[in-house]
Amino acid sequence: MEKKLKDLKEQFLKEVTEVKDSKLLLDLKTKYLGRKGELTNVLKEVKDLAVEEKPKIGKLANEIKMELASVFSKTERIIKNKQSGGGTDFDPTMPGTREETGHLHPSTIVQYEIEDIFAQMGFGVYDGPQVESEYYNFTALNTPEDHPARDAQDTFWLEQGLLLRSQTSNLQVRMLEKFGAPFRGIFPGRVFRNEATDASHDHTFYQLEGLMVDKDINIGNLIAVMKSFLSTFFNTEVDVRLRPGFFPFVEPGFEMDIKCLICGGEGCSVCKQSGWLELMPCGLIHPKVIKAGGLDPKEYSGFAFGLGFTRLVMMRYKIDDIRLLQSGDLRFLKQF
Amino acid sequence: MYLSLDWAKDWIKLPKDLETKQLALDFTMAIVEVEEVIERGANLKDIVVGKINEIAKHPDADRLEVCQVDIGDSVEQIVCGGINLSKGMLVAVAKVGSRVKWHGEGDLVMMAKTKIRGVESSGMIAAAEEIGLENLFPQKSDKEILDLSELKLKAGEELAEALELNDTIIDIDNKSINHRPDLWGQYGLARELAAIYKLKLKDYPNFELKGKNETKLKVTVEDKKNCFRYLGLAIKNIKVAESPWWLKKRLEAVGIRPINNIVDVTNYVMYELGQPMHAFDAKHIEGDHIIVKQAAKGEKFITLDGENRKLPEGALMIADAKKYVAIAGVMGGQNSEIGIDTSEIILESANFRAASVRRTATAIGLRSESSTRFEKSLDPVLAGTAIRRAAELILQLCPEAYIASKLVDVDNNPFKPVTLEVSEELINNRFGLIIPTAEIKDTLQRLKFDLKYKAKTFTIGVPSFRATKDISIPEDIVEEVARIYGYDNIKFELPKVNIDSPSVNLDHVAARDIKRWFSLSQKYYELYNYPFTNQAWAKKLGLELNNHLRVKNALSPEQVYLNMSLLPNLLARAEENMRWYDEFRIYELERTFDKISHGTYHTDDSRKKFLPKQDKYLAGVEVSKKSKEDLFLSIKGMFSALMEHLNVEVEFEESDIEYASIAYEIKYKDIILGQFGLLEDGLFDSNDVNVNVAFWQLNFTLLLKYINKVKKYATLAKFPAVYRDMAVVVDKGLKWADLEAEIVRISPLIRHLEPFDVFSGKGIEEGQKSIAWHLEFRSNDRTLLAEDVDKLMDDILAILQKKFKAILR
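As structure tokens, then:
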């Protein structure tokens, strides 16, 4: 009996999917649910069942009846809507029409993403002047008077000893002066170098400087923060390594490399078979810089890093010519 | 900078099982970046010493010979065109399968067995340039093959082996050792290797000078400020000749072309110690007198390379009693060059102020091996070590030579000994790890620091070769210990700090909001432009180039002036994009630069002077096929919406802008926040431009002050509104703003007016227009009745009839 009911249900569900118009559907209803319908007939037999079986089979039979009725009415409504058309006799395979939208610059998109990651670690986002004094761009950063970086071949010089900032590091001392310690901040922004342009170099590009000053900040902290950032940004666990690097405003200074994300460190053409990609200079802030910021280097220490932001944007979107970013070409910009 | 491992073996013994790849990695991780590891013998694979047994004329070619060459295991037949072939000659044979540079040009090619004009030939008798040995064996002609007869070699021996060229060269990135004057010589690099591998480092020998005092050499340093030390020594009875093989080989390994024994020795010492040296031909030094002084304005001097160079005023020069003989630290002069007839020399080993050498080298455009080293602030002590070493080598190479003067030493070394007190705690705290005390001690001692340890504090004497600029503060010692101990050992741990939210940068929050608003709700494309203004467009907009901040060392004449407005570049980009699109909207948010006024950023810690004002602007351009009216009103509507979004109550006021056919100001109270308008026609170069162009700009820095985040909601209306329409015919010149002002004044029950149709022409008298609008009436305390509204409609009409002679339609 139970099997009979279940078979009946299967059979109905199978037949109903093949029905395409309301006439046939009505026939099907009569066949199963009508006064002399198959289900009705089965239901009639319930009364002849043994007493102990009656409630169980009765319940099942009723459930199946309800289900068939529900499927029937759903199918009926769909067929009705299809037949009447409701003014929908157009070609739905035509391409969708869409409202045009504007676009954020790809650098803006990546910048906001990075800002949000650092914001979660308590870093504020700040910016500052682009026309800068020698003091903040070099002197306060412990860059000696005769350091090659001050040369005309690296820096754009303006009148009155002013310059176009060559690094976002110009904000290190400005921010310490303004906010004091403890401090956590990032400074994204554009910087300028007096160098010829090609597909991978531009005279105007973007850096993202980071600075953290507090009590007892160490190298391990720097690595942990960067690892945390990079793993979130690249959405995968990344390995980093430090090796010695020299920059006047950090001591010790490092180059941070990231294990090649293409080959996972095995060595490939992207990482020149080394398994590592040079990512950014960083280090513990030089005591003279902390002092220039008006803090006591005996009390405070900190780290600084300078992310080659434009390069990250190019990596993210596989952009092979840096100059596209500032071309203003809408054919390029509309892709983001 | 090249490090030859063969050379370094003079002082250290590298672990036998150390692979060069690992050495390069360790070097990079603890010292400086290695660019490349060069196995010097690699290109000499399958190139062997051969002995020519027989020579016969090629039957079919006048200029070729057929040689039978003994290469140890076999005798091979090789066809060769060399002009110096002779029987019994020892030659370099590139066997089949080896790789050579054909005629010294192009890429390496693989040797194969071949027939040359019908005669079989297995391999090649090579010229020096074909196997990369042209520096060691200079060729007189490209037809000359390498003659090894003078060297006592065995036929069949691998050439690299026979010539002892199986050296490994570590190529170090020069930029990464700018701060390390001690790493510009082989000995300094060996010292680092000794530290990382804990090897014994042989002390550098100090050669005892013994000689006569025939030459009364005199050194006068006039410019003590720029010449820290000058040592001179005369050596007589030298014989200028070719250097011995071991010397040539080492120089060549580090990229120096051997010249003659004297010059080679000065170069050898420079590469060994990092100390540049110079040798003068003593017969050209007047009065045996060396004077160090500054050049006067406009003087010229011919350097060794034959160039007549204009000297910058104040350039430090080496002179004799009558003339200049060298540009200090940069290059020697032609007038005292070592030649084949030189028999007496004066050796110079000196130390000059880094900045002085750099300034001179830059001014004359000559960066030499010498100036490159002096620029790093060399240790003056080194000059003494170097001249002794050079004298030793010269006496070794010229057995008849003898020292002919006293060692003259004018020493004004300005560098004071550096002693640092460094607590062990500082090292461990900065490193974030406890390093065993013994390990710290061992590392520092291997790096030649002088150490005392007491009460958990190191008293550290910095060796003179690290004390000229490199090591000056305790943090420098942290780095020394940490890099040798290994950065890989650092346990990384997020900083433990108090949670405090950073101060919010309103500027930045607003910028993000506004950019999203424009890009995601207003169909605007965000552009990044260069800071250099487009001059053609600046002129079109009437911006005087002289009022712009100027770049003194611009890359090109187009990149001289800094943007005082964002519009010139935006309009230039708009013009370019017209090639691809006929309708688009673009904007930029960036700083502009004001030559005349000062902003709030101070120039230094005295906080008395301020940088030029560099307010951020938000500016945009819309290129559109809409009518001028529609375009203008859509821009106006956009600003109404934006200001509502920012909760800034602004007014729009007509304004005159020279490049606009119509322009309005955006004002908050009396403050002008920005402008918008339509660009005057005809400013675009292309003739077939059939679009209208709107422009706008807002002073973002100013706007920020008035963005109001405090917003209070208005209670929802309790009573229903009544809506009516009205249409009148009025004078065509009547402005909606005037009409609206009259109507709203009538009653506070009139809540809102919205024009929906303006029409003139057919059915309307000349000079008149029909204007229709929706009206909304509502009261806060009751439901308005039809009669109330009818009365108001009558009042409105009456006023309009009276004020504007309006006729109801």
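These protein sequence lines map, in sequence, to chains G and L. With positions in the first sequence counted from 1, the corresponding number in the working numbering is that position plus 27. With positions in the second sequence counted from 1, the corresponding number in the working numbering is that position plus 1. Idealized CB from N, CA, C, for every residue including glycine. From a predicted model like this one, the values you see are computed outputs, not experimental measurements.
CB of residue i within 8 Å of CB of residue j, strictly
i                      : j                      : result
residue 778 of chain L : residue 722 of chain L : yes
residue 349 of chain L : residue 279 of chain L : yes
residue 16 of chain L  : residue 188 of chain L : no
residue 236 of chain L : residue 392 of chain L : yes
residue 185 of chain L : residue 332 of chain L : no
residue 83 of chain L  : residue 141 of chain L : no
residue 469 of chain L : residue 416 of chain L : yes
residue 629 of chain L : residue 693 of chain L : yes
residue 720 of chain L : residue 695 of chain L : no
residue 95 of chain G  : residue 60 of chain G  : yes
residue 266 of chain L : residue 404 of chain L : no
residue 66 of chain L  : residue 86 of chain L  : yes
residue 409 of chain L : residue 233 of chain L : yes
residue 281 of chain L : residue 341 of chain L : no
residue 217 of chain G : residue 230 of chain G : no
residue 338 of chain L : residue 293 of chain L : no
residue 66 of chain G  : residue 28 of chain G  : no
residue 343 of chain L : residue 241 of chain L : yes
For residue j and residue i, believed in contact at Cβ under 8 Å, the rounded distance
i                      : j                      : result
residue 143 of chain G : residue 359 of chain L : With 8 Å as the limit, residue 143 of chain G and residue 359 of chain L do not qualify as a contact, their Cβ atoms being about 44 Å apart.
residue 4 of chain L   : residue 170 of chain L : 7 Å
residue 213 of chain G : residue 236 of chain G : 7 Å
Counted within 10 angstroms of its Cβ, other Cβ atoms place residue i as buried (16 or more) or exposed
i                      : result
residue 499 of chain L : exposed
residue 502 of chain L : exposed
residue 586 of chain L : buried
residue 35 of chain L  : buried
residue 714 of chain L : exposed
residue 131 of chain L : buried
residue 68 of chain G  : exposed
residue 296 of chain G : exposed
residue 130 of chain G : buried
residue 72 of chain L  : buried
residue 251 of chain L : buried
residue 121 of chain G : exposed
residue 545 of chain L : exposed
residue 111 of chain G : exposed
residue 201 of chain L : exposed
DSSP bridge partner residues for residue i (one or two, in chain order)
i                      : result
residue 277 of chain G : G:312
residue 763 of chain L : Partner(s): none; residue 763 of chain L has no beta bridge.
residue 52 of chain L  : L:71 and L:91
residue 333 of chain L : L:327
residue 40 of chain L  : L:169
residue 774 of chain L : L:727 and L:756
residue 216 of chain G : G:234
Quiz prompt | At least three beta-carbon pairs within less than 8 Å, the region 609–619 of chain L to the region 699–715 of chain L | solution = yes
Quiz item: Are three or more beta carbon pairs between the region 238–248 of chain G and the region 283–299 of chain G nearer than 8 Å?
Solution: They do not touch, by the three-pair rule.
Quiz item: Contact between the region 78–96 of chain L and the region 39–52 of chain L: three or more CB pairs below 8 Å?
Solution: yes
Quiz item: Between the region 319–336 of chain G and the region 142–152 of chain L, do three or more beta carbon pairs fall short of 8 Å?
Solution: no
Quiz item: Counting pairs of beta carbons, one from the region 370–384 of chain L and one from the region 307–314 of chain L, are three or more of them closer than 8 Å?
Solution: no
Practice problem: Could you say if the region 310–326 of chain G and the region 461–481 of chain L meet the contact criterion of at least three C-beta pairs nearer than 8 Å? | Solution: yes
Quiz item: Do the region 657–670 of chain L and the region 721–737 of chain L meet, that is, are 3 or more Cβ pairs less than 8 Å apart?
Solution: no
Quiz item: Touching or not, the region 555–575 of chain L and the region 531–541 of chain L, by the rule of three or more beta carbon pairs under 8 Å?
Solution: Yes, the region 555–575 of chain L is in contact with the region 531–541 of chain L.
Self-check item: Stretch-stretch touch, CB-based, cutoff 8 Å, three pairs: the region 159–173 of chain L with the region 330–345 of chain G
Solution: no
Exercise. Examine the Cβ distances between the region 741–753 of chain L and the region 796–804 of chain L and report whether three or more of them are shorter than 8 Å.
Key: Enough Cβ pairs lie closer than 8 Å, so yes.
Quiz item: For the region 545–553 of chain L against the region 247–256 of chain G, are there 3 or more C-beta pairs whose distance is under 8 Å?
Solution: no
Quiz item: Can we say the region 157–176 of chain G touches the region 279–289 of chain G, given the rule of at least three CB pairs closer than 8 Å?
Solution: no
Self-check item: Given 8 Å, three or more beta-carbon pairs between the region 6–20 of chain L and the region 190–205 of chain L
Solution: yes
Quiz item: Within the chosen definition, does the region 124–139 of chain G reach the region 512–524 of chain L through at least 3 CB pairs nearer than 8 Å?
Solution: yes
Quiz item: Is there contact between the region 149–166 of chain G and the region 605–613 of chain L, where contact requires at least three CB pairs shorter than 8 Å?
Solution: yes
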